[in-house]
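*Asks:*
Chains as they are written, first to last, in my numbering: chain W, 669 to 1058; chain Y, -17 to 353.
(1) When DSSP labels each residue in this structure, what does residue 237(Y) get in the three-state scheme?
(2) Rounded to a whole number of angstroms, what is the C-alpha to C-alpha distance between residue 142(Y) and residue -8(Y)?
(3) Could you say which of 181(Y), 152(Y), 193(Y) lies nearest to residue 162(Y) if we only look at CA atoms?
(4) Just to make sure I have the definition right: I need the residues of chain W whose C-beta is within less than 9 Å of the C-beta of residue 136(Y). Which are they?
(5) Considering only the beta carbon of each residue, do residue 786(W) and residue 778(W) sit closer than 8 Å?
(6) Threshold first: 3 residues or longer. Then list the beta strand (DSSP E) segments lying entirely within the segment 877 to 917 of chain W, N to C.
(7) Specify, as a first and last residue, the run of the alpha helix (DSSP H) that residue 332(Y) falls within.
(8) For residue 172(Y), count neighbouring Cβ atoms within 10 angstroms of its own Cβ and tell me buried if that reaches 16, exposed if not.
(9) From residue 356(Y) to residue 761(W), what distance separates their C-alpha atoms?
(10) Thinking C-alpha only, which one of 199(Y), 165(Y), 73(Y) is nearest residue 185(Y)?
(11) Starting from residue 958(W), follow the alpha helix (DSSP H) in both directions and report where the run begins and ends.
(12) Going by DSSP in three states, residue 344(Y) sits in which element: helix, strand or coil?
(13) Is the Cβ-Cβ distance between residue 198(Y) and residue 159(Y) less than 8 Å?
(14) Do residue 331(Y) and residue 177(Y) have their CB atoms nearer than 8 Å?
(15) Please classify residue 112(Y) as buried or exposed, where buried requires at least 16 other C-beta atoms within 10 Å of its C-beta.
(16) Anything in chain Y within Cβ reach of residue 849(W), meaning under 7 Å, just list it in chain order.
(17) Establish whether the CB of residue 267(Y) and some CB of chain W are separated by less than 8 Å.
(18) Name the residue from 157(Y), 71(Y), 207(Y) whose alpha carbon lies nearest to the alpha carbon of residue 30(Y).
(19) Determine the burial state of residue 851(W): buried for a count of at least 16 other Cβ atoms within 10 Å of its Cβ, exposed for fewer.
(20) If you compare alpha carbons, which of 49(Y), 24(Y), 39(Y), 16(Y) is closest to residue -5(Y)?
(21) Can you check which of these residues, 865(W), 897(W), 770(W), is closest to residue 797(W) by C-alpha distance?
(22) Around the C-beta of residue 929(W), are 16 or more other C-beta atoms found within 10 angstroms, so that it is buried, or is it exposed?
(23) So with Cβ pairs under 8 Å, would you call residue 917(W) a contact of chain Y?
(24) Can you tell which of 315(Y), 24(Y), 14(Y), 201(Y) has the C-alpha that lies nearest to the C-alpha of residue 129(Y)?
(25) So, for residue 1030(W): in the same chain, excluding its five sequence neighbours on each side, which residues have a beta-carbon less than 6 Å away from its beta-carbon?
(26) Among 27(Y), 2(Y), 182(Y), 57(Y), which one has its Cα closest to the Cα of residue 335(Y)?
(27) If the criterion is Cβ atoms closer than 8 Å, does the pair residue 682(W) and residue 793(W) meet it?
(28) Could you check whether the Cβ of residue 1049(W) sits closer than 8 Å to any Cβ belonging to chain Y?
(29) Per DSSP, which one or two residues make a beta bridge with residue 875(W)?
(30) Show which residues of chain Y have a CB atom less than 7 Å away from the CB atom of residue 1057(W).
(31) Verify whether the separation of the beta carbon atoms of residue 820(W) and residue 864(W) is less than 8 Å.
(32) Quick check on the burial criterion: 16 or more other C-beta atoms within 10 angstroms. Buried or exposed for residue 223(Y)?
(33) Under 8 Å between beta-carbons, which chain W residues line up against residue -15(Y)? List them in chain order, please.
(34) Are the Cβ atoms of residue 38(Y) and residue 981(W) separated by less than 8 Å?
(35) DSSP on residue 1047(W), reduced to helix/strand/coil?
(36) Out of 742(W), 896(W), 803(W), 995(W), point me to the one whose CA is closest to residue 889(W)'s CA.
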């Protein structure tokens, strides 16, 4: 690895690299569902620019800037990471790639995986070649996640997996799934779960989209029928999958809270968005609500920064992710309520003059459910931070 | 900018402050002052001076400890936790910051006295029920080489006892800031019986003589001196209110763990757990804004406007939530004077109004954010 660059040098070189390599079409912030590049074997790029941007960013490790270089990242430290986000924000660049591999599986593998597993699974995530989905929830295991019933029978060199997962986001377009599977039915519920990696192309894996109130089907049901999962496709120890699951959940919650609309300061002010939609912000109620939302958004953004700084300094509060998930998702729902309000009747048709605002608005309603409901987050804070009886 | 993590020195300062204040100024000290009909404890102020707190923003050249705004905020936050009654913000933060903008000898002398704990100040800006400095009506009319000040100021926090007043008045082509002794002829102070049991006064000015020497900064350019001073004060007040919220919250969670109803501790009820957890989240988020405001004032003061107003807005909302939840979760006992929660609620209301309320600061944020 290169010796670490001075922040100013790093910023200057990055700025120059972005000027040359980030296509103009990729400089619109990319805040809508349609602008996301998810990658994977089934991925169809929406434009040549999107394809180029992914390839160029991946070649520098910029799809996963903080991952080690040997696993496809750019090995940036915290200061460089801040500069990276600054500079990306400065030109309003879209993220070149977004995926559950980046947000969830990657951090879990970096923490719990063997070196061989990291070398095998991480670089294809970084290059956007393999798309992952998450097999956590089951029809009978939502907020009570640890009561998963999908089971894996030990058959010597493999587990024979049977069961059903629900809310498997984008499973119909994913190449692989990371799943919580019960491998010991006798143990207490948290102690008999393993974290398995399963190829969606394996015989016995079926998936079916679920149509949502937003009219689209980002979530699926996924069925496992006598699926053979080789023994080396486990992360962490057998029956210790809950540790991996919990670790991954903290990253998932941070991802969901961070998604609450450019909170880290680079994003546009909600009030400015609403003002543009309405040609001014004369409506006193809307303006007051927008100001409150803006004050909260800025403070939550600073909290994200503070917690990252604390984590780096090793002084982080334990269950910060639950708090961030709660405040971030509640705020995001509020933002979209206000956007719908500003849009008025123009926002009520699926293909109205403002685009699919309704779809985005409806989608946010899942924010405070997925990855642990707001109520579960509050219970976590109550038990683990406040020490109230659980 | 420095990271949003407490340095070792900052952690030590907070711990030392807490240790001292728990002994010297618990909430009971405020209660005792009130019961004795007083608003200020000179002995406590002298001790604060000895520890370098009154000189926290005074340069070392003038005998101060010069620890900066983050440190001042840390002290204010710790004071807020036990509702410490002192002119710390008026004197050690607002006045010290104003005097620092001016390099003359008189200002240096005043700073040295502040550091020693020998001089207190109050800020006389407000004229109506809401903070609105730009709309100041009080007149300072030219009189030979000097001025004559006439008008009324209200909600002059710490103004009943302060040695000197920073007075904002309208001059020919703008606003001018005067630094005058509180006992000058023509000044009448009317101490108010405040709900938070702290010092605040209405102050009448009748043809009060002021010389050019009494002007802090430039004539017609008060804001060059006053804006940084008010921002420093707003940030420290926000820190105090966040401390206040944390204090009320601490009492409340402790109560949830001991109070029994229906044969169990009430902290086992999910309805109360979620209210308490929500409050904790709000305090955490606000603490980030406070931290950021301190860092900005220390490292990039010319661009600290949004950070300061964000901190004051958030702290105002959070403190008000904390005291309302505090009383509600304590039930009937929270309504009694014998219990401390009421002191928190009343101070939160006063802090909410001082130096600009939620709406005032949210407007500043909105403007800075382009709407």
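Here a beta-carbon is modelled for each residue, glycine too, at the ideal position from N, C-alpha and C.
Just so you know, these numbers come straight off a predicted model, no measurement behind them.
*Replies:* By the coordinates alone:
(1) helix
(2) 33 Å
(3) 193(Y)
(4) What residue 136(Y) touches in chain W: nothing, since even the nearest Cβ is about 26 Å away.
(5) yes
(6) 887 to 898
(7) 323 to 335
(8) exposed
(9) Chain Y is shown from -17 up to 353; residue 356(Y) falls before or after that span and cannot be answered.
(10) 165(Y)
(11) 952 to 981
(12) helix
(13) yes
(14) yes
(15) exposed
(16) Within chain Y, no residue comes near residue 849(W); the closest Cβ sits about 31 Å away, beyond 7 Å.
(17) yes
(18) 71(Y)
(19) buried
(20) 49(Y)
(21) 770(W)
(22) Low local confidence applies: a pLDDT of 41 at residue 929(W) is under 50, so the model's placement there is unreliable, with the coordinate-based value given in what follows. Burial call: buried.
(23) no
(24) 201(Y)
(25) 881, 882
(26) 182(Y)
(27) no
(28) yes
(29) 890(W)
(30) 247, 249, 250
(31) yes
(32) buried
(33) 977, 980, 981
(34) no
(35) helix
(36) 803(W)
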